[in-house]
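S.K.: Take this structure first; my questions come after.
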Amino acid sequence: LVLGVGLASSAEIAEVVRSAAADGAVGLVLRIPVDIDDDVRRAVADEGLVLFGLTRGASWAQVATLLRSLLALDDLGGVDDQTLAGAGAGDLFALAGAVSALLDAPLTIEDLNSRVIAFSADQDRADEGRKETVLGRQVPQRYLRELERQGAFRALYSSDRPVYLPEIEGTGLPRVAIRVRAGDEILGSMWAAVTEPLSAEREQAFIDAAKLVALHLLRHRAGADVERRLRAELVATVLEGGPAAGDAASRLGLAGGPACVLALAVPGETESSAVEADLQRVAGAFALHLAAVHPRSAVALAGGVVYGVIPLTGDGPDADLRAVAVAEEFLSRIGTRSHVVVGIGGVAAGPADLPRSRADADRAVRVLRERPGGSRVARLTDVQISAFLLELGSAMAAERRVPSGPVARLAAYDRRHRSQMVATLTAWLDAFGDVTAAAAATHVHANTFRYRLRRVGEIGGLDLADPDARFAAMLELRLRAMVDHSTPDS
């Protein structure tokens, strides 16, 4: 099967069809829409090659990964589904238990991000580090740093045989680890907490077990990827609205009764692979959490945000407080391992209202992302004014507009004279007009502050006795800070 990356013209496609068929290919994948003319049709008919269309939104990397996974099954060399203590490839926890019995050691199976996929039931024999790992379903960062310092992962992923780690700071037992590989792709690893190096027989059993675990992981990933993509598409359809939203909601079990949308995001930078991996882990944990709260809940990761839809009992004014409690309980469970914030949308009476609830959740989570160190959960009703100001500031920034008014005049004066008019006004407003407190905040005498305040009114043309003028000045200060963070006065 040939991937037609970059093929655009009919002439190119026809040429590749003929050359690929000559090399033994049976199919060619093209990104749709694709230009098919008579020359391409003749080439396909003559060569007997099948054309496949790659749907919009799918990446070539995803196709390559899926094909590599399917082809790698052959690399496992006929491993039988029932070859390890009666545990088949369909039950990874049973496999972990079987391997543990063979090695006489508590075992975990982990992915490439050191997340625990499965573990044996005998973890009471392990040390505190292993117990913490299993409870959190993730190897703690302090152990990962120590393993990286020792070069453990480099040794593990470059060796076909188990790697013995006699000492890991903070743990009580040595570890024996082996990579889980299919073809040229490393899928994860297995870790046994041991008291001594493995015997030759147990080492070979560990190697054989890794092949069976690889078979399971490949099959699980192929099925899980399809199911995850389908569910994500259904959730996205429901949240975007439109004619297909009702059917998607029915397939998700969300067709009847009130519900609301929760949006989880990571504050700050969202483009790094580390953040993406963290969001994937959070999405999985959040799905498990919501499933325990309500079996008809749905979770999907889209656009760097994890969305959850949770059915509610009742649609009164405080119905969304249940969603707040669910979000806070989830954050308390994951602790500080993942720095996420949760915005909660309004209650949707039915599927048709879920897009509005999603928009509310997006607005709330945006406010929380702009407030590092603040609250981690908020409804839009809790932060509506801040959300409005952020949107107004974004609109002005997009149009390259800078707020003009008394504060702008004061800022211009400060730039020319290196004065502190904007700082004086800000301190006075922050102190609710208390000159003594404002003077202390700016480290000047109260009389000096009164003089500066009088100059603020003269230079800016600002009547500080007028409540409307004070409100306008406060709004202008906030908008200047949002529109232009680069100027000293903002």
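Following the UniProt record's numbering, the numbering of the sequence shown begins with 1 at its first residue and continues without gaps.
In this text, a Cβ means the ideal position worked out from N, Cα and C, and glycines have one as well.
#1: Whole beta strand (DSSP E) runs in the segment 123-211 with 3 or more residues, listed along the chain?
#2: Just grab the DSSP bridge partners of Thr108 for me.
#3: Suppose you measure from the CA of Ala298 to the CA of Gly183; what does that come to, to the nearest Å?
#4: Near Glu391, which residues of its chain fall below 8 Å by C-beta distance, leaving aside the five closest residues on each side in sequence?
#5: Secondary structure at Phe52, three-state DSSP: helix, strand or coil?
#6: In three-state terms, what does DSSP make of Val347?
#7: Using only CA atoms, which one of Ser10, Val26, Phe330, Arg400 lies nearest to Arg41?
#8: Can you tell me whether residue 511 is buried or exposed, with buried defined as 16 or more other CB within 10 angstroms of its CB?
#9: Give me whichever residues DSSP pairs with Pro311 in a beta bridge.
#10: Chain C beta carbons: is any one of them nearer than 7 Å to that of Gly457?
#11: Does Val367 come out as helix, strand or coil in the three-state DSSP assignment?
#12: Can you give the Cα-Cα distance for Leu173 and Gly284, rounded to whole angstroms?
#13: Could you check which residue in Ala408, Ile344, Ala352 has the C-alpha nearest to that of Gln384?
#14: Tell me the DSSP secondary structure of Val5 in three-state form.
#15: Mapping the DSSP letters down to three states, classify Ala411 as helix, strand or coil.
#16: For Ala244, does the three-state DSSP call read helix, strand or coil?
#17: Are Ala437 and Ala431 close, meaning C-beta to C-beta below 7 Å?
#18: Taking only runs that begin and end inside the UniProt domain "PucR C-terminal helix-turn-helix" (422-478), name each unbroken alpha helix (DSSP H) of 4 or more residues, in chain order.
#19: Is Ala25 helix, strand or coil when you go by DSSP?
#20: Ala230: buried (16+ other C-beta within 10 angstroms of its C-beta) or exposed?
#21: Considering only their Cβ atoms, is the gap separating Val29 from Leu3 smaller than 7 Å?
#22: Which residues in the same chain have their Cβ closer than 7 Å to the Cβ of Arg251, if we skip the five residues on either side of it in sequence?
#23: Ignore the nearest five residues each way along the sequence and tell me which others in Leu464's own chain have a CB closer than 6 Å to its CB.
#24: Report the rounded CA-to-CA distance for residue 492 versus Glu370, giving the unit in angstroms.
#25: For Arg281, which option in Asp320, His294, Ala300, Pro267 has the closest C-alpha, if you only look at C-alpha atoms?
#26: Leu187 and Leu217 - do their beta-carbons sit closer together than 7 Å?
#27: Tell me, please, which residues DSSP counts as bridged to Val16.
#28: Terminal residues of the continuous beta strand (DSSP E) containing Arg401?
M.R.: Judging by the given coordinates:
#1: Unbroken beta strand (DSSP E) stretches of 3 residues or longer found wholly inside the segment 123-211: 163-165, 175-182, 185-193, given in chain order.
#2: Walking along the sequence shown from the start, residue 108 turns up at place 108. The bridge partners DSSP lists for Thr108 are Phe119, Trp191.
#3: Here the question's residue 298 lines up with position 298 in the sequence shown. Here the question's residue 183 lines up with position 183 in the sequence shown. Looking at the backbone, the Cα of Ala298 and that of Gly183 are separated by about 34 Å.
#4: Taking the first residue of the sequence shown as position 1, residue 391 is located at position 391. The answer, listed in chain order, is Arg363.
#5: Position 52 of the sequence shown, counted from the start, is the residue given in the question as residue 52. DSSP places Phe52 in the strand class (E or B) of the three-state scheme.
#6: Taking the sequence shown and counting its residues from 1, one reaches residue 347 at position 347. Correct three-state label for Val347: coil.
#7: Taking the first residue of the sequence shown as position 1, residue 41 is located at position 41. The shortest C-alpha to C-alpha distance from Arg41 to any of Ser10, Val26, Phe330, Arg400 is the one to Ser10.
#8: Nothing about residue 511 can be read from this structure; the chain reaches only from 1 to 490.
#9: Within the sequence shown, numbered from 1, the residue matching residue 311 stands at position 311. Its beta-bridge partners are Ala259.
#10: No chain C is present in this structure, which holds just one protein chain.
#11: In the sequence shown, residue 367 corresponds to position 367, counting from 1. Note: Val367 maps to helix in three-state DSSP.
#12: In the sequence shown, residue 173 corresponds to position 173, counting from 1. In the sequence shown, residue 284 corresponds to position 284, counting from 1. Leu173 and Gly284 have their alpha carbons spaced roughly 30 Å apart.
#13: By one-based count along the sequence shown, residue 384 stands at place 384. Taking only the C-alpha atoms, the option nearest Gln384 is Ile344.
#14: Locating residue 5 in the sequence shown gives position 5, counting from the first residue. Here Val5 sits in coil by DSSP.
#15: Residue numbering aside, residue 411 sits at position 411 when the sequence shown is read from its first letter. Ala411: helix per DSSP, three-state reduction.
#16: Residue numbering aside, residue 244 sits at position 244 when the sequence shown is read from its first letter. Coil at Ala244, not helix or strand.
#17: Position 437 of the sequence shown, counting from 1, holds the residue named residue 437. Position 431 of the sequence shown, counting from 1, holds the residue named residue 431. Going by C-beta atoms, Ala437 is nearer than 7 Å to Ala431.
#18: As far as the UniProt domain "PucR C-terminal helix-turn-helix" (422-478) is concerned, its whole alpha helix (DSSP H) runs of at least 4 residues are 435-442, 446-460.
#19: As a position in the sequence shown, residue 25 is number 25, starting the count at 1. Ala25 falls in the coil class under three-state DSSP.
#20: Numbered from 1 along the sequence shown, position 230 holds the residue referred to as residue 230. Note on residue identity: the sequence assigns Leu, not Ala, to residue 230. Taking a 10 Å sphere around the C-beta of Leu230, we find fewer than 16 other C-beta atoms and assign the residue as exposed.
#21: One-based indexing of the sequence shown puts residue 3 at position 3. One-based indexing of the sequence shown puts residue 29 at position 29. Yes; because the gap between Cβ atoms is below 7 Å, this pair is in contact.
#22: Along the sequence shown, read from residue 1 onward, the residue named residue 251 stands at position 251. Beyond the five residues adjoining it in sequence on each side, Arg251 comes within less than 7 Å, by CB distance, of Leu234 in the same chain, given in chain order.
#23: Counted from its first residue, the sequence shown places residue 464 at position 464. Once the five neighbours on either side are set aside, the close Cβ partners of Leu464 are Gly457.
#24: With the chain represented from 1 up to 490, any question about residue 492 goes unanswered, as that position is not in the structure.
#25: Here residue 281 is taken as the residue at index 281 of the sequence shown, counted from 1. A check of alpha carbon separations from Arg281 across Asp320, His294, Ala300, Pro267 identifies Ala300 as the nearest.
#26: As a first step, residue 217 must be located in the sequence shown, where it is residue number 217. As a first step, residue 187 must be located in the sequence shown, where it is residue number 187. Judged by their CB atoms, Leu217 and Leu187 are nearer to each other than the 7 Å cut-off.
#27: Position 16 of the sequence shown, counted from the first residue, corresponds to residue 16. Under DSSP, no beta-bridge partner is assigned to Val16.
#28: In the sequence shown, residue 401 corresponds to position 401, counting from 1. Counting along the chain, Arg401 falls outside any beta strand (DSSP E), and DSSP gives it neither H nor E.
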